[in-house]
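Working notes, beginning with the structure itself.
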Amino acid sequence: MSTLRYPSWKNRQWFQLRYNLSHQVAAIDEFWSHSWQASSFWKICLLLALKNGRAACVLGTIFACLGAFATHSGLLPTVISKLFPPPYRTPGFHFEHDFAPWALVSGIVAALLTLLLWQPRGLVFVDRACIHQGDARLKAEGIINLGAMLKRSNRLLVVIDRTYLQRLWCAFEISAFLNTHQNDRLASLVILPLGLAKSSLFFVLGSAVLLISDICAPVEVLVGVPTRGIGLCTWCIGFSSIFKIYWNELAAVEEMFNNFSWVNLKCCCCELDHKVDGTAIPCDRELIAECVCQWFGSTEAFEECVRTRVRDVFMAQLVHGVPFGYPWALALCIGSLWSQMDQATARASRGDHVSMARALATGVMWWTWILPATYLVYARISQWVRKSPTCCRQILGFVACFLLFTVPHLFQYYSYEYISEDNHAFAMLAGTTLLLSLAAFCLLKRSAKQVD
1 MSTLRYPSWK NRQWFQLRYN LSHQVAAIDE FWSHSWQASS FWKICLLLAL KNGRAACVLG
61 TIFACLGAFA THSGLLPTVI SKLFPPPYRT PGFHFEHDFA PWALVSGIVA ALLTLLLWQP
121 RGLVFVDRAC IHQGDARLKA EGIINLGAML KRSNRLLVVI DRTYLQRLWC AFEISAFLNT
181 HQNDRLASLV ILPLGLAKSS LFFVLGSAVL LISDICAPVE VLVGVPTRGI GLCTWCIGFS
241 SIFKIYWNEL AAVEEMFNNF SWVNLKCCCC ELDHKVDGTA IPCDRELIAE CVCQWFGSTE
301 AFEECVRTRV RDVFMAQLVH GVPFGYPWAL ALCIGSLWSQ MDQATARASR GDHVSMARAL
361 ATGVMWWTWI LPATYLVYAR ISQWVRKSPT CCRQILGFVA CFLLFTVPHL FQYYSYEYIS
421 EDNHAFAMLA GTTLLLSLAA FCLLKRSAKQ VD
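Residue 1 is where the sequence shown starts when you use full-length UniProt numbering, and the numbers rise one by one after that.
Have a look at this one:
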């Protein structure tokens, strides 16, 4: 991962050192294709989430449980004592409970450290680390044999952004991979837009702030409700803006596919006039042009491949498919489970173990289907807004975002308000939201091919 922190040709000696650490293998687990002109910070964030996200969720949940246990045992202090809102008060427990966000905080800290420090397994090919950058002969051999290395790669991971199709190497790598993986090109090609890192980071951090403030804010209407309302409105405005940027970037990428041309591709060596610190370096364009003509017959055939086959694969995953997918949304929403652990701890500390179990089940409900469905549905709404970004559509998009995240909370509140038996209220809430979430997922998949 540290290789991505050094995109400049001025670090040529460092890359030669990396080359010495590479070794021969029979197969490559992943081939990373990305533009060195894109932000290194966001690429690292995205790849850390992809490679270490599962471990971060597991360890974060374990430490959230430890934080809840420490709070229940009195090892960690409580932050505020308050009553539950009237619909959530269990008969016989109409008194103040002690609240603290330590389960949520412990989960967030553990997940963040896991993202940064976890060492994933697998063999990865990164061009500037695995192809010699100083020796012209070794570099030429590496480029000529790049097709063979792509053929022996089990998966191609593409981090795409506005600059991806402007770079000679990027277009070459994706086309060569598809040319050598005719039968399983869809299954072995993973495409992640760089904007996904921005939207995911905002969602996680914004949700963490909202959840912590919800635990620590007083329950009184004149203080608690305005605090939550202002926080939610601010979060919705930011979330809408982030998704607007995300879809604009994808629209720019699609336009680049339509206008793709070999002569317009850029490469770093030509931009530096083939010299680094006064030393001549080989031209990538000449070497790659030779490979392209061998594989595709001509540069014109290569252009047609990018405009058709490559474009179809990219758009199938990013524009016409369900954005991000359920597993990614599940990882983003796990904070809701950790937050409910704090709610359950507050009830358990007063001996209300039935409500404690119901609070944990509520956390599972919000984590596994309510919030992921909400997240994916709004992704589609924001795409609709981007297609014709009029003032009216943007206002409707914000209203939709606000309603998508407030209506489930209101539905939960009034379910407990008007159904006297709490277990019946929970069963009705869980069943209704599960059916609606499943319907949303099915509609998203059914309409995927009809989305432009």
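We put the beta carbon where it would ideally sit given N, CA and C, even for glycine. Values in this document were obtained by computation on a predicted structure and should not be read as measured data.
Short Cβ contact (9 Å threshold) for residue i with residue j
i	j	result
Ile-160	Ile-131	no
Thr-61	Leu-337	yes
Asp-98	Ala-344	no
Phe-95	Arg-350	yes
Cys-236	Phe-125	no
Met-428	Ser-437	no
Ser-33	Phe-177	yes
Asp-352	Phe-93	yes
Asn-258	Arg-307	yes
Pro-193	Val-253	yes
Leu-48	Leu-157	no
Reference residue i; option with closest CA among the options
i	options	result
Arg-137	Phe-257, Arg-358, Leu-287	Leu-287
Phe-172	Ser-261, Cys-401, Gly-397	Ser-261
Leu-75	Ala-301, Thr-368, Ala-103, Ser-39	Ala-103
Met-341	Gln-412, Leu-211, Lys-445	Leu-211
Arg-228	Arg-89, Ile-245, Val-209, Ser-240	Val-209
Val-377	Phe-405, Leu-360, Gly-363	Phe-405
Leu-59	Val-105, Tyr-413, Gly-238	Val-105
Thr-368	Ile-242, Tyr-413, Leu-435, Ala-280	Leu-435
Pro-120	Leu-205, Ile-143, Gly-53, Gly-107	Gly-53
Phe-63	Thr-71, Gly-107, Lys-139	Gly-107
Tyr-246	Asp-273, Glu-417, His-34, Ser-382	Ser-382
Asp-284	Ile-143, Gly-335, Lys-82	Ile-143
Ser-420	Cys-45, Thr-71, Trp-118, Pro-86	Pro-86
Cys-65	Pro-218, Val-292, Ala-110, Phe-426	Ala-110
Ser-81	Ser-339, Pro-218, Asn-145, Val-310	Pro-218
Gln-412	Cys-170, Ala-400, Gly-363, Lys-244	Gly-363
Contacting residues, own chain, Cβ-Cβ under 8 Å from residue i (five flanking each side not counted)
i	result
Lys-266	Gln-166, Arg-167, Leu-168
Asn-179	Gly-147, Trp-295, Phe-296, Cys-305
Val-79	Phe-99, Ala-100, Pro-101, Ile-215, Cys-216
Arg-155	Asp-29, Glu-30, Phe-31, Ser-188, Leu-189, Val-190
Cys-233	Phe-402
residue 458	Outside the shown range of the chain (1 to 452) lies residue 458, about which nothing can therefore be said.
Ala-27	Leu-123, Arg-152, Ser-153, Asn-154
7 Å CB neighbourhood of residue i in its chain, flanking five on each side removed
i	result
Gln-317	Ile-191
Glu-394	The question names Glu, but residue 394 in the sequence shown is Gln. Cβ neighbours of Gln-394 beyond the five flanking positions: Val-385.
Thr-433	Met-365, Trp-369, Ile-370, Pro-408
Ile-242	Lys-198, Ser-199, Phe-202
Ala-430	Met-365
Supposed close pair residue i, residue j - CB separation, criterion 8 Å
i	j	result
Ala-251	Arg-386	7 Å
Gly-231	Ser-207	Not confirmed; about 11 Å, so no contact.
Ser-175	Phe-302	6 Å
Asp-422	Thr-71	With 8 Å as the limit, Asp-422 and Thr-71 do not qualify as a contact, their Cβ atoms being about 23 Å apart.
Contact test: residue i Cβ vs the ligand SAM heavy atom, cutoff 8 Å
i	result
Trp-338	Among the ligands in the structure shown, none appear at all, so the ligand SAM cannot be discussed.
is_contact[residue i, chain D] using C-beta, thresh 9 Å
i	result
Phe-402	You won't find chain D in this structure, because it holds only one protein chain.
Residues of its chain near residue i, where Cβ-Cβ distance is below 6 Å and the 5 sequence neighbours each way are ignored
i	result
Met-356	Ala-344, Arg-347, Ala-348
Leu-222	With a pLDDT of 44 at Leu-222, under the threshold of 50, the predicted position of this residue should be treated as unreliable, though the coordinate-derived value follows. So no residue of the chain qualifies.
> Is the segment 433 to 442 touching the segment 372 to 382, taking contact as three or more C-beta pairs under 8 Å?
Replying inline: With the cut-off at 8 Å, the segment 433 to 442 and the segment 372 to 382 touch.
>> With three or more beta-carbon pairs closer than 8 Å as the criterion, would you say the segment 296 to 314 touches the segment 198 to 211?
In response: With a cut-off of 8 Å, the segment 198 to 211 and the segment 296 to 314 do not count as touching, because too few Cβ pairs lie within range.
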